[in-house]
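Chemist:
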Amino acid sequence: MRIEEIYLDGFGIFHQYHIIGIPSGITVLYGPNESGKSTLLAFIQQVLFGFPDGRSRKIQYLPLAGGNHGGRIRVRLHNGEVYGIERYGGRREGVQLFLSDGRLGGSQELSHLLGHIKQEVFENIYAFSLSELQDIKTLHSDEMRERMYSAGRGIGEVSIEEAKTFLSNESSNLFTLKGRKPFINNLLKSLKEKEEKIREESKSLERFNILYHEKEELKKELDIAIKDQEYYEKKEVHVEKLLAVWESWVVMQEATRAYNAISAPESFPEEGKERMEGILATISGYEDRILEIKGTLKSLEEQRVSLTIDESLLQYKGEILSLQRGIEKYESALHDLPEIEALVRKEEAQLQESLSEIGRSWTEEKMMEVDRSIPVKEGVRKRSDEMEEIRRNLRDQGIEKNQRIAEREDLEKEKLLLHEELDTKRLEARNETDVGEEQKALLDIRSLLGKKEVIVDDLQNLYTLLDTKKNERENLSHQEGIEEEIEEEFLSSRSHLFFSVRQNLSILKELKRKVEVLAEKEELVRFLQPDRANALSFSWEILRVFAVIFIGIGGVLFLMKGNVPKVGIGILLFFLLLAGVVWMVQRKERTRKKKVLQKKEVYPNYMNFAEEKERLEGEISQIQSTILSLVKEAGLGEIPSKEWLNEREEAWKNLKTLFLQEIDLKKKIFLKEEEKRKIENDLLVCGERAGIEGIPNLSTTNEREEILKKEEKSLNRKKILEEKIKDIDRKMLGVESRESMIEERISSLQKDEEELQGSWMEWKKRRGFDSQLSPEGVLEVFTKIEESSVRKEKKEEIKARKEKIKKEITVYEEECNAVYAGCGRDKESDNYVSAAESLVDGLRECEEKKKMKEGIEREEENAKRDKKIVEEKLRNEKKKQSLLFKEGFADSEEEFRNNAREWETRRKYAYDIEQGRGNIRVVFGEQKYEEVVRELSETDHETLLLDQKQIEQRREEAQEKYSQCKEKIGEIDGQIAQIEKNKEASQLKMEQAVDMEILQRKAEEWAVAILSQLVIEKTIEKYERQRQPDIIKKAQSLFASITAGRYPSLYIAADTKKEICVEETNRSRKSISQLSRGTAEQLYLSLRLGFIQDFSSYSEPLPLIFDDILVNFDHERVQNVCSLLRDFAQEHQILYFTCHKSTKELMEGVGAHIISIGEGVSG
Amino acid sequence: MKKVRFLHTADLHLDTPFKGVAAISSEIGTRLQDATFQTFRTIIDIAIQHEVDFILVAGDIYDVSEQSIRAQIFFRNELRRLEEKGIAAYIVHGNHDPLNSWSPSLSFPKNTHVFSADTVERFFVVKGGEKVAEIYGISVSQGNVLENLASLFPVVSQSQKNLVTIGMLHCNLGGRGVNADAVPCSEKDLLSKHYDYWALGHIHKKEIVSSSHPGIVYPGNPQGLHPNEEGERGCYLVEVERGGNVALRFVETAHIRWISHSISIEESETIDSLLSFIERSLASVREKMRNKTLICKIILTGRGPLAKVLRRKGVLDDLLKECQENVFVDRERVVWVERIINNTRLSFDRETLKDQQDFIGDLVRTFEEFAEEEKMGFLEKELSSLFLSPLGRKFLTPLETEYLRRVLAQSEEQCLDLLLDSQERNED
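Right, dumping it as structure tokens:
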């Protein structure tokens, strides 16, 4: 980030002050004291981080020259983005961030822009003056230390301090040792309280036991009370009972006395008097009844005697009753008979009439003989249908026959026409196989013609090629001077000849070179005689060395004379040295030469060279003679040059190649010609086959083909016609066969018809029908017969009815007569109806009389039985009476009555006694009776009343006791139930358990936070101890370059003060207090720059603003700082405020841009 | 064949408050308070319904430290219901309800038999006028019995034995319990007596130590008392033949069921979606276990964008409140979310951080140093102001190494969350 523009609206002495065009790199803002440099620095700081409020110790820079308090700066980021940062004081104080894209931002965006750097850090590290530079504390702020760790961490803007604070808050919110408010402290307190409560609650077990014992005691008391109560209750009831029976007791006593006073029979029958009266009444009743029955018997006997009955009528009772039932039927039969006889006659006449309608000869019998069953009728009907069917078929077959005849005639006509055409065609067409054979031959010819054409072409080409090759060869031959025809062998030998010459020439040349070399060597060997050469060179070298030494000594002596001994000795030494050098050089040279010689000694003695040379020269002359003979052989005058020989060799080789090619071509041509001839032969043979005269060519072949095509066409037409005729023949055969089939069918139908007629005549004759009758007629006769037979049946039926009625009348009359005879009576009239009725009347009378007599007899019987019973009863009563008197100790009725009276009185007293006794028994029970009677006899009424009162009082006392105990037990039960039901303890314990769990978890959270703090603390310690943060390392190298290497090392002391120390090159250590002011300031500057380097490695590099911080530095170190700043300016914009011209100039020297301030400042 | 049918239960812990629940509504509170009682009532109902010959209660009926007369009275009253139906009850007292703690004021019904604490007693079970079984038992006399009571039981002769033989003992078989010293006993002790069935009590997790010849059974507590006591809780219906053939049938009785439910946050983008995810999965849990009050511990797991959000102060509490208020309580079936444990992981990788040569790297390494055994005393001292204070000792779990390590791990998570994430926290 760099600042491009600064605009101060109203800030300290500045009003509408504008600095523009601040470049990147170093810019020096130069101006004298009081020109506002510190103000500008403060302005930049405050625009970025806010104006100080009244409480701050910082200067507020209120606008002295007018304008609004504030202004703006324009910054450009590394990536080219431009922002305006504007801040004004007053009511609407706050920063506004103008983004290049027009968006607005606030303090948050600004903080992000500044890499979240804190104001404190910025003002102490990035934009500071000498006083901040000197302030060592600024380097020891938490923020600074923080920065050092995070720099060491290599990860973002993370605050360990914040983490520590967080953890510390966390743990102290949970628990502090003496705290009351923290969660766990609170929870522990409440747990303690709860425990107390639970302890209280758990005493219920003890309480329960006490209550239980109390209850047991009370239960015993209660039992006693209940027993008392029961006792008195019982007693009370007893006395009450005694009182209740007292009256009965008194009555009983008196009755006993009276009872004992009366004398009476020993016993007396129960209800004796009443029983006696009853018996007397019954006896007189029975006596009256006997008299009455006697009267009745007498009158019944009289009635019975007066009745008489006709017994014979009663014997025929069944018959008479049957006659009575038949009267009506008899009367109606008499009435119907004449009517039915008339009806019979009428029916007979009608039947005869209908028979005459069928035919004259038809009688009733004949008619009945005719079989009129349904199968017969159906037979007739079927015959009629069959006849009709045959007639219809005959008609249809006739029509069909006519159609077939017409069809056959048409086919014959068509066949005739086809035969005519076929006759003409048969003349034109040739044999089919011949045409096919010729066509095949034509195909062969065509293929042969094609082959021939190819061969002719090839031949043409081969001839052309042969000509070319021949020409080429002849040219070449001509060139080589060969006029006559040549042979292959000659050509090869020739070429080889040239080769041999060339070969020998090369060998010759080589040998000559060798000879020359030998000559040279011989010379050299002769020159280099080894001994001589060595001695000579060595002595020469020694001389050279001495010469040098000599010159040296001479020089020395010369100089010694000039009183400069020291220099002289020096020169002498120099020359001695030089001599040594010369000696060494020469030695080296000599060794080299020696080595060369040693190498050359490989060769043999130089004397051998001559021999060798001679041998070689011999070889040369031999080769030369070979060459010459070869040249001669080749017919050349002299030894040709090598090039010329090469050329020849080449030419001859070509010649040979061409010659061979020519021969090859000729061979090919001969073969082709042979082939051509063969094809022409084939063509001739094929031509014959195809009917072409001579060797066929393309045109003759085409002509022949045309002709063959035509012949093929007419052949095809002929085939079609023949096919058609065959087809018609087939059709005609079909038509004829169908015709004969129809004829057959007609004749069979006619035969069927005749048969049918015959059988019909036969049938009629057999059945007796008129032979003229058609089947339909027969069917009509059947219908009529049907009608007549119905009539006949009706007539028969009526006749039968008439006979039946007649028989009925006769039967009835006979029966009637028989009855009369049996009874011995005479019929009063001939009318059978009245006779029958009189019989019925007589019977009825007899039956009534008989019934009456029987009734009287039954009554008499009953009266006699009654009389006997009553007499028996009377006897019994009299017996009872005498028995009763005996029981009552009496002989008479009077006596009995007297005894009865006495008995009754005594029984009354006995009842009273028994009543009293019963009362007592009811009240006290059977068992206690004797006891109670004794008790009653021993006491009196007053005593009893007194007892009753006393007992009641006792009972009430016991009752009182009982309810008291009951109440107390109830109370205890209530308490016990409460204890039993009391869930308070459960509730509390559960709450306690819950609280303990919460406590456990919270305690764990606390422990986690505590241990986190502990470990962080330990890690910080370790980190500070073991790791020098990057910042220190960076600062170390900066400090070393500022001090030009005097202090190469920086470190933080491991002691608790953690002070920064320096180490000199000689390893001596110094703390800051031991450094001079300037050096200390340089150290601080180095630390700050180190921090800046580190910080900008992970965020936007911010501009550095220094306010005359170099004043205490010596010139050299200022220069070092300047060159350091130049390096920094690559990355960071640097604004340097100064009032020192020398600083300005030094900065200019490292490329700083200069802006003068103070000019244009209003006020 | 002599054969008896009975109900075996133990560790009723009537009126013992439920531990480990930090938040309850009044509705849930009532249910929790009544749960142990309701459960015992259910057990008696089962005994009556199945017409057993008798019931066995193998100790820890109530907790003497709770001083609850309500528990004792309730127990006696329910036994009276058994008496009405002619079902006998055999009882030994355990370490939590030693014999001497029973209120002398409360007398048991006639056919309830309580075993003495002085010596092993024997009672005969008579069925149809004939002795069918003998029950040996001994009560625990005081809270902290270190004696092996099993050794006091007589050995029955295998050959002469004519009855079903049952032993009743409240004991800690083979050091199963947390407090392994109390009421010790070994399986060998029991086997050497040649009984047909051993009705044990003391261990809250049901266990069939041996299913026959003899049957050795811990029925467990019929009602889980702590979030860690998850799963089915109930009693056993037992049929024993002479000779040790045993048929066991477990019947669930608990009125409150503890469950823990893991939910991954990886699917959820927002707290809202997480909440509805929780709601859905709890609804399905509720479907599966009808007619029970479910007290649920939700464990959030996985890595995801929500891991950070869940670590913000109050977020987890709000989520829990939402779960408790929203939908999970109705009259009939209740799923009460008791707590939400955040086991989600932040997106940073601890191992990578540990290798970093910076402050964070130092921090992680320092945490590792502190987790070492020799540092525990130091950590304990740091936390002593709370944990070792008189009240702290009374109400908090003691600072054991395991616990300290867990706290330390949480601290590490917290520090890394704070230091790696301050940016986000600042913005909130």
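Read top to bottom, the protein sequences are chains A and B. Per the numbering used here, the very first residue in the first sequence carries number -14; after that it's consecutive. Per the numbering used here, the very first residue in the second sequence carries number 19; after that it's consecutive. Glycine residues also receive a C-beta, built at the ideal position from the N, C-alpha and C atoms. Computed from a predicted structure; not experimentally measured.
Can you give me the Cβ contacts of Gly233 of chain B inside the same chain, cut-off strictly under 8 Å, excluding the 5 residues immediately before and after it?
Modeler: Numbered from 1 along the second sequence, position 215 holds the residue referred to as residue 233 of chain B. Excluding positions up to five away in sequence, the list reads Asp214, Tyr215, Trp216, Ile226, Val256, Val258, Gly262, Val264, Leu266.
Chemist: Starting from the beta carbon of Thr1004 of chain A, find every residue of chain B whose beta carbon is closer than 8 Å, and list them in chain order.
Modeler: Start at 1 with the first residue of the first sequence, and residue 1004 of chain A comes out as number 1019. The contacting residues are Phe377, Asp380, Leu381, Thr384.
Chemist: Between which residues of its own chain and Ile624 of chain A is the CB-CB distance below 8 Å, once the five residues before and five after are set aside?
Modeler: Translated into the one-based positions of the first sequence, residue 624 of chain A becomes position 639. So the list reads Val486, Leu490, Ile612, Leu613, Val616, once near-sequence residues are dropped.
Chemist: Please classify Arg138 of chain A: is it buried, with 16 or more other beta-carbons within 10 angstroms of its beta-carbon, or exposed?
Modeler: Residue mapping note: residue 138 of chain A aligns to position 153 of the first sequence, counting from 1. The pLDDT assigned to Arg138 of chain A is 48, lower than 50, so where the model puts this residue is not dependable; a value taken from the coordinates is nonetheless given after this. Flag for Arg138 of chain A reads buried.
Chemist: In three-state terms, what does DSSP make of Val70 of chain B?
Modeler: As a first step, residue 70 of chain B is located in the second sequence; it is residue number 52 there, counting from the start. Residue state, collapsed to three classes: coil.
Chemist: Closer than 8 Å between beta carbons: that is the criterion. Which residues of the segment 157 to 170 of chain A meet it against chain B?
Modeler: Phe160, Leu162, Ile169
Chemist: For Val173 of chain B and Lys223 of chain B, which I take to be in contact (beta-carbon distance under 8 Å), what is that distance rounded to the nearest angstrom?
Modeler: The sequence position of residue 173 of chain B within the second sequence is 155, counting from 1. The sequence position of residue 223 of chain B within the second sequence is 205, counting from 1. About 29 Å; that fails the 8 Å criterion.
Chemist: Output, in chain order, the set of chain A residues within a Cβ distance shorter than 7 Å of Thr415 of chain B.
Modeler: Sequence index remark: in the second sequence, residue 415 of chain B carries index 397 (1-based). The answer, in chain order, is Gln985.
Chemist: Rounded to a whole number of angstroms, what is the C-alpha to C-alpha distance between Glu147 of chain A and Leu381 of chain B?
Modeler: Start at 1 with the first residue of the first sequence, and residue 147 of chain A comes out as number 162. Start at 1 with the first residue of the second sequence, and residue 381 of chain B comes out as number 363. Glu147 of chain A and Leu381 of chain B: Cα-Cα distance of roughly 16 Å.
Chemist: Against chain B, which members of the segment 144 to 155 of chain A pass a CB distance test of less than 7 Å?
Modeler: Ser144, Ile145, Glu147, Ala148, Phe151
Chemist: Taking the beta carbon of Gly16 of chain A as the centre, do at least 16 other beta carbons fall within 10 Å, making it buried, or is it exposed?
Modeler: Within the first sequence, residue 16 of chain A is the residue found at index 31, counting from 1. Gly16 of chain A is buried by the Cβ-count criterion.
Chemist: Could one say the Cβ of Cys433 of chain B lies closer than 8 Å to chain A's Cβ atoms, at least one of them?
Modeler: Position 415 of the second sequence, counted from the first residue, corresponds to residue 433 of chain B. For Cys433 of chain B, the answer is yes, since a Cβ of chain A falls inside 8 Å of its Cβ.
Chemist: Is the Cβ of Leu160 of chain B closer than 8 Å to any Cβ of chain A?
Modeler: Taking the first residue of the second sequence as position 1, residue 160 of chain B is located at position 142. Rather than Leu, the amino acid found at residue 160 of chain B in this sequence is Gln. Judged by the 8 Å Cβ criterion, Gln160 of chain B is not in contact with chain A.
Chemist: In chain A, which residues lie with their C-beta within 7 Å of the C-beta of Gln428 of chain B?
Modeler: One-based indexing of the second sequence puts residue 428 of chain B at position 410. Going along chain A in sequence order, the residues near Gln428 of chain B (Cβ under 7 Å) are Val993.
Chemist: By how many angstroms is the C-alpha of Trp120 of chain B removed from the C-alpha of Leu928 of chain A?
Modeler: Start at 1 with the first residue of the first sequence, and residue 928 of chain A comes out as number 943. Start at 1 with the first residue of the second sequence, and residue 120 of chain B comes out as number 102. At residue 928 of chain A the sequence reads Thr, which differs from the Leu that was named. Put simply, the backbone Cα of Thr928 of chain A is about 60 Å away from that of Trp120 of chain B.
Chemist: Please classify Val796 of chain A: is it buried, with 16 or more other beta-carbons within 10 angstroms of its beta-carbon, or exposed?
Modeler: Within the first sequence, residue 796 of chain A is the residue found at index 811, counting from 1. By the 10 Å Cβ count, Val796 of chain A comes out exposed.
Chemist: What does Met981 of chain A touch in chain B if you count any residue whose Cβ is under 7 Å from its own?
Modeler: Counting from one through the first sequence, the residue named residue 981 of chain A turns up at place 996. Chain B residues near Met981 of chain A: Phe413.
Chemist: What residue from A:Ile1005, A:Leu172, A:Gly56 has the CA that sits closest to Gly35 of chain A's CA?
Modeler: Here residue 35 of chain A corresponds to residue number 50 of the first sequence, with the count starting at 1. Ranking A:Ile1005, A:Leu172, A:Gly56 by Cα distance to Gly35 of chain A puts A:Gly56 first.
Chemist: Does any C-beta atom of chain B lie closer than 8 Å to the C-beta of Met569 of chain A?
Modeler: Within the first sequence, residue 569 of chain A is the residue found at index 584, counting from 1. No, Met569 of chain A lies away from the interface with chain B (no Cβ there is under 8 Å from its Cβ).
Chemist: Looking at the C-beta of Ser44 of chain B, does it have a partner C-beta in chain A at a distance below 8 Å?
Modeler: One-based indexing of the second sequence puts residue 44 of chain B at position 26. Chain A, which has no Cβ nearer than 8 Å to the Cβ of Ser44 of chain B, makes this no.
Chemist: Assuming Glu186 of chain A and Gln977 of chain A make a contact with CB atoms under 8 Å, what is their CB distance in whole Å?
Modeler: The sequence position of residue 186 of chain A within the first sequence is 201, counting from 1. The sequence position of residue 977 of chain A within the first sequence is 992, counting from 1. Between Gln977 of chain A and Glu186 of chain A the Cβ distance is about 11 Å, and since that is not below 8 Å, they are no contact.
Chemist: Around the C-beta of Leu292 of chain A, are 16 or more other C-beta atoms found within 10 angstroms, so that it is buried, or is it exposed?
Modeler: In the first sequence, the residue the question calls residue 292 of chain A occupies position 307. Leu292 of chain A comes out exposed.
Chemist: What whole-angstrom Cβ distance do Glu965 of chain A and Ile79 of chain B have, given they're in contact under 8 Å?
Modeler: The residue labelled residue 965 of chain A in the question sits at position 980 within the first sequence. The residue labelled residue 79 of chain B in the question sits at position 61 within the second sequence. That pair is no contact at about 16 Å.
Chemist: Fully enclosed by the segment 189 to 272 of chain B, which alpha helix (DSSP H) runs are 4 residues long or longer?
Modeler: 205 to 209
Chemist: Quick one: which chain A residues come within Cβ less than 9 Å of Val39 of chain B?
Modeler: Numbered from 1 along the second sequence, position 21 holds the residue referred to as residue 39 of chain B. The contacting residues are Met975, Ala978, Val979, Glu982.
Chemist: Name the residue from A:Leu306, A:Leu49, A:Ile343, A:Glu673 whose alpha carbon lies nearest to the alpha carbon of Val766 of chain A.
Modeler: What you label residue 766 of chain A is simply residue 781 of the first sequence in a count that begins at 1. When only C-alpha atoms are compared, the closest one is A:Ile343.
Chemist: Output needed for Lys653 of chain A: all residues of its chain with C-beta closer than 8 Å, excluding positions within five of it in sequence on either side, in chain order.
Modeler: Counted from its first residue, the first sequence places residue 653 of chain A at position 668. For Lys653 of chain A, where only same-chain residues beyond five positions count, the Cβ hits under 8 Å are Leu447.
Chemist: What number of angstroms, rounded off, separates the C-alpha of Glu108 of chain A from the C-alpha of Trp991 of chain A?
Modeler: Taking the first residue of the first sequence as 1, we reach residue 108 of chain A at position 123. Taking the first residue of the first sequence as 1, we reach residue 991 of chain A at position 1006. Their backbone Cα atoms lie some 39 Å apart in a straight line.
Chemist: Residues of chain B with CB closer than 8 Å to the CB of Asn1105 of chain A, please, in chain order.
Modeler: Within the first sequence, the letter at position 1120 stands for residue 1105 of chain A. Per Cβ cutoff of 8 Å: no residues; Asn1105 of chain A is ~32 Å from chain B at best.
Chemist: Please list the terminal residues of the continuous beta strand (DSSP E) segment that includes Glu139 of chain B.
Modeler: Taking the first residue of the second sequence as 1, we reach residue 139 of chain B at position 121. 139 to 145 is the span of the beta strand (DSSP E), which, as asked, contains Glu139 of chain B.
Chemist: Looking at the C-beta of Glu965 of chain A, does it have a partner C-beta in chain B at a distance below 8 Å?
Modeler: If you number the first sequence from 1, residue 965 of chain A lands on position 980. Cβ-Cβ to chain B under 8 Å: yes for Glu965 of chain A.
Chemist: Counting only runs that start and end within the segment 67 to 101 of chain A, where is the beta strand (DSSP E) found for 3 or more residues in a row?
Modeler: 67 to 73, 79 to 84
Chemist: Please list, in chain order, all residues of the same chain as Val587 of chain A whose beta carbon is under 7 Å from its beta carbon, the five residues on each side excluded.
Modeler: Position 602 of the first sequence, counted from the start, is the residue given in the question as residue 587 of chain A. Per-residue confidence for Val587 of chain A stands at a pLDDT of 46, beneath the threshold of 50, marking its modelled position as unreliable; the derived number appears in the next sentence. If the five residues before and after Val587 of chain A are omitted, its C-beta is found closer than 7 Å to no C-beta atom of its own chain.
Chemist: Nearest-angstrom Cα distance between Thr60 of chain B and Val269 of chain B?
Modeler: As a position in the second sequence, residue 60 of chain B is number 42, starting the count at 1. As a position in the second sequence, residue 269 of chain B is number 251, starting the count at 1. C-alpha separation (whole angstroms): 10 Å.
Chemist: Across which residues does DSSP place Leu1035 of chain A in a beta bridge pair?
Modeler: Locating residue 1035 of chain A in the first sequence gives position 1050, counting from the first residue. Partner(s): A:Val1047.
Chemist: Using a 10 Å radius around the Cβ and a threshold of 16 neighbouring Cβ atoms, would you call Glu761 of chain A buried or exposed?
Modeler: Within the first sequence, numbered from 1, the residue matching residue 761 of chain A stands at position 776. Exposed: under 16 other Cβ atoms inside 10 Å.
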